[in-house]
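Following: one structure in structure tokens, then a few remarks.
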Amino acid sequence: MSKALTEIAQQLKDSNKKVQLIYAFNGTGKTRLSGELKQLISPKNEGYYEGDDDQGKVIYYNAFTEDLFYWDNDLNSDTERKLKIQPNNFTKWVLEEQGQEPNIIENFQHYTNQFLMPKFSEDFSEVSFSIERGDDENLEHIKISKGEESNFIWCVFYSLLEQIVEVLNIVEPTERETNRFDHLEYVFIDDPVSSLDENRLIELAVHVAQLIKSSDFTNGQGLRFIISTHNPLFYNVLYNELSLKSGYILNRNEDDTFELLEKRGDSNHSFSYHLYLKQLIKQAIAENSIQKYHFTLLRNLYEKTASFLGYPRWSELLPGDKKVYLNRIIQFTSHSTLSNEAVAEPTPQEKQTVNFLLEHLMNNYGYWQEGVQND
Numbered sequence: 005m006s007k008a009l010t011e012i013a014q015q016l017k018d019s020n021k022k023v024q025l026i027y028a029f030n031g032t033g034k035t036r037l038s039g040e041l042k043q044l045i046s047p048k049n050e051g052y053y054e055g056d057d058d059q060g061k062v063i064y065y066n067a068f069t070e071d072l073f074y075w076d077n078d079l080n081s082d083t084e085r086k087l088k089i090q091p092n093n094f095t096k097w098v099l100e101e102q103g104q105e106p107n108i109i110e111n112f113q114h115y116t117n118q119f120l121m122p123k124f125s126e127d128f129s130e131v132s133f134s135i136e137r138g139d140d141e142n143l144e145h146i147k148i149s150k151g152e153e154s155n156f157i158w159c160v161f162y163s164l165l166e167q168i169v170e171v172l173n174i175v176e177p178t179e180r181e182t183n184r185f186d187h188l189e190y191v192f193i194d195d196p197v198s199s200l201d202e203n204r205l206i207e208l209a210v211h212v213a214q215l216i217k218s219s220d221f222t223n224g225q226g227l228r229f230i231i232s233t234h235n236p237l238f239y240n241v242l243y244n245e246l247s248l249k250s251g252y253i254l255n256r257n258e259d260d261t262f263e264l265l266e267k268r269g270d271s272n273h274s275f276s277y278h279l280y281l282k283q284l285i286k287q288a289i290a291e292n293s294i295q296k297y298h299f300t301l302l303r304n305l306y307e308k309t310a311s312f313l314g315y316p317r318w319s320e321l322l323p324g325d326k327k328v329y330l331n332r333i334i335q336f337t338s339h340s341t342l343s344n345e346a347v348a349e350p351t352p353q354e355k356q357t358v359n360f361l362l363e364h365l366m367n368n369y370g371y372w373q374e375g376v377q378n379d
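For reference, each letter of the sequence shown is one residue, going 5 to 379 in our numbering.
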């Protein structure tokens, strides 16, 4: 049933679940959804942790969090590159009031490079980065990659979230080190650090899941987590690690209405099986060893993806002149081929078609850009 995004946000807010996990393509409206949730949960306050009156109910990580940071590339001398921090209550609170600088550095180095050192300015208005190997060859004021930058910003948020969970797990408010989190109810996370390599992304997802599991939630009372991602691998690991019974897929219609489709149990397994098939095909492409059966694997990928995303026919996912590609795939996958009419081995052009169609599936259905899934 189609709904306005505000209605989707209300549905998520009204749920009594500790964790709600959402898969959605980039551009579907995940960032807008976090804004709608914020307005429903804490409409009077602004910022990432809401309000100066200790009444904040929501903290969130999304694209706007990254917008708080921007580069000064020192165009004049090209020597003093630094990451500037927009004046805002969120980082002021995390760095100055909560003293999370050491934890941010530790988390950042864990996921990137133990020699890559962030250095905050005294007033926490900027960060410079250096390579420090313990010798005289330090590289100062380097510009880190976009992926490393995204990772750093995530670590700012994650270090705070670790502290929040630790503090709120103390049942008696008078015994907590701070009462700043006492009214916090929701944590919304949208697509953290999908630029990590697969091993690091799995590790990050496991750590997020462990932190969520450690957060006390008794008799419907405790922090509620809403997590959205376009990354199948991140989705899959969280789904498994959290032992979820269902997840969601968010679709946007042409009229800018939305559908939040619940996927229960085995319907979520499609990610992990697909990844296995994808790896088999990619290996065959890399080794130039594509055979007839790889067309069957490719068709299977299209069928499973179409089924998961709600397309009535897998051929709707094909590019351009769908009939040409459909006929080519069916030629190699049909079970009705006469025994004395064996299909010839794929030609070089046909092998290239496998590569093209696999890339099309991965690049146009964001579902595929990292992927795996779950229980």
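Positions of the beta carbon are idealized from the N, C-alpha and C atoms, including for glycine.
**Study point:** Straight-line gap, N183 to S38 (C-alpha atoms, nearest Å)
**Key:** Counted from its first residue, the sequence shown places residue 183 at position 179. Counted from its first residue, the sequence shown places residue 38 at position 34. Going from the Cα of N183 to the Cα of S38 covers about 25 angstroms.
Point to revise | N367, buried or exposed, once every other Cβ within 10 Å from all chains shown has been counted against 16 | key: For the purposes of this step, residue 367 is taken as residue 363 along the sequence shown, with counting starting at 1. Per the 10 Å Cβ criterion, exposed.
Check your understanding: Do the CB positions of G226 and K17 come within less than 8 angstroms of each other?
Key -> Stepping through the sequence shown from its first residue, residue 226 is reached at position 222. Stepping through the sequence shown from its first residue, residue 17 is reached at position 13. Cβ distance not < 8 angstroms, so G226 and K17 don't count as in contact.
Review point. DSSP state of S199, grouped into three classes?
Key: Residue numbering aside, residue 199 sits at position 195 when the sequence shown is read from its first letter. It is coil, neither helix nor strand.
Review point. How many Å lie between I231 and D186 at the Cα?
Key: To locate residue 231, count along the sequence shown from 1; it is residue 227. To locate residue 186, count along the sequence shown from 1; it is residue 182. The straight-line gap separating the alpha-carbon atoms of I231 and D186 is approximately 21 angstroms.
Review point. Between the region 166–179 and the region 128–142, do at least 3 Cβ pairs fall closer than 8 angstroms?
Key: Touching, no.
Exercise for review: Would you verify that the beta carbon of N183 is, or is not, closer than 8 angstroms to some beta carbon of chain C?
Suggested key: The structure shown contains no chain C; it is built from a single protein chain.
Check your understanding: If you run the structure through DSSP and keep just helix, strand and coil, what is F192?
Key -> Here residue 192 corresponds to residue number 188 of the sequence shown, with the count starting at 1. In the three-state reduction of the DSSP assignment, F192 falls in the strand class, which pools E and B.
Practice item. Return helix, strand or coil for V175, following the three-state DSSP convention. Key: On the sequence shown, residue 175 is found 171 positions in, with the first residue counted as 1. Correct three-state label for V175: coil.
**Study point:** Runs of beta strand (DSSP E) wholly within the region 31–111 (minimum 3 residues, chain order)
**Key:** Listed in chain order, they are 62–65, 73–76, 86–89.
Review point. Helix, strand or coil: how does DSSP classify I148 here?
Key: Here the question's residue 148 lines up with position 144 in the sequence shown. When DSSP states are grouped into helix, strand and coil, I148 belongs to the coil group.
Practice item. Count the CB pairs spanning the region 234–251 and the region 304–312 that are closer than 8 angstroms, and state whether there are at least three. Key: Output reads no: the region 304–312 does not touch the region 234–251.
Check your understanding: In this structure, what does DSSP give as the bridge partners for E266?
Key -> Reading the sequence shown from its first residue, position 262 is the one you call residue 266. Residue pairing by DSSP places E266 opposite Y252 in a beta bridge.
Review point. H211 to F229, Cα distance in whole Å?
Key: Translated into the one-based positions of the sequence shown, residue 211 becomes position 207. Translated into the one-based positions of the sequence shown, residue 229 becomes position 225. Their backbone Cα atoms lie some 14 angstroms apart in a straight line.
Point to revise | F192 and V328 closer than 8 angstroms at C-beta | key: Your numbering for residue 192 matches position 188 in the sequence shown. Your numbering for residue 328 matches position 324 in the sequence shown. No.
Point to revise | CB contact flag (P106, W158, <8 angstroms) | key: The count along the sequence shown starts at 1 and reaches residue 106 at position 102. The count along the sequence shown starts at 1 and reaches residue 158 at position 154. Judged by beta-carbon spacing, W158 lies beyond the 8 angstroms limit of P106, meaning their Cβ atoms are not closer than that value.
Point to revise | Beta-bridge partners of R317, as assigned by DSSP | key: Taking the first residue of the sequence shown as position 1, residue 317 is located at position 313. The partner list for R317 (beta bridge, DSSP) is empty, contrary to what the question assumes.
Point to revise | Top-ranked residue by Cα proximity to L72, from Y64, T83, D82, P91 | key: Start at 1 with the first residue of the sequence shown, and residue 72 comes out as number 68. P91 is the residue among Y64, T83, D82, P91 whose C-alpha sits nearest the C-alpha of L72.
Practice item. Answer yes or no: do E70 and S154 have a C-beta to C-beta separation smaller than 8 angstroms? Key: Sequence index remark: in the sequence shown, residue 70 carries index 66 (1-based). Sequence index remark: in the sequence shown, residue 154 carries index 150 (1-based). Between E70 and S154, the C-beta gap is smaller than 8 angstroms, which places the two residues in contact.
**Study point:** Close-in-space but distant-in-sequence residues of the same chain around S163 (CB under 7 angstroms, 5 per side omitted)
**Key:** The residue given as residue 163 occupies position 159 in the sequence shown. Excluding sequence neighbours, S163 sits near Q104, N107, I108, N111.
**Study point:** Simplified DSSP assignment, three categories, for S232
**Key:** Here residue 232 refers to the residue found at position 228 when the sequence shown is read from its first residue. In this structure, S232 counts as strand in the three-state DSSP scheme.
Practice item. Would you check if the distance between the CB atom of L208 and the CB atom of Y64 is smaller than 8 angstroms? Key: Locating residue 208 in the sequence shown gives position 204, where the first residue counts as 1. Locating residue 64 in the sequence shown gives position 60, where the first residue counts as 1. Their beta carbons are not under 8 angstroms apart, which means L208 does not touch Y64 by this criterion.
Point to revise | Span of the alpha helix (DSSP H) around I26 | key: Locating residue 26 in the sequence shown gives position 22, where the first residue counts as 1. Element bounds for I26: not the alpha helix (DSSP H) but the beta strand (DSSP E), 23–27.
Check your understanding: Since V358 and H298 are thought to touch, with beta carbons under 8 angstroms apart, how far apart are those beta carbons, to the nearest angstrom?
Key -> Position 354 of the sequence shown holds residue 358. Position 294 of the sequence shown holds residue 298. By a beta-carbon distance limit of 8 angstroms, V358 contacts H298. Their separation comes to about 6 angstroms.
Check your understanding: So K123 is in the alpha helix (DSSP H); what residue range does that whole segment cover?
Key -> Numbered from 1 along the sequence shown, position 119 holds the residue referred to as residue 123. Taken as a continuous stretch (DSSP letters only), K123 belongs to no alpha helix (DSSP H), being part of the beta strand (DSSP E) at 120–124.
Check your understanding: beta strand (DSSP E) containing E130: first to last residue?
Key -> Numbered from 1 along the sequence shown, position 126 holds the residue referred to as residue 130. Its beta strand (DSSP E) spans residues 130–135.
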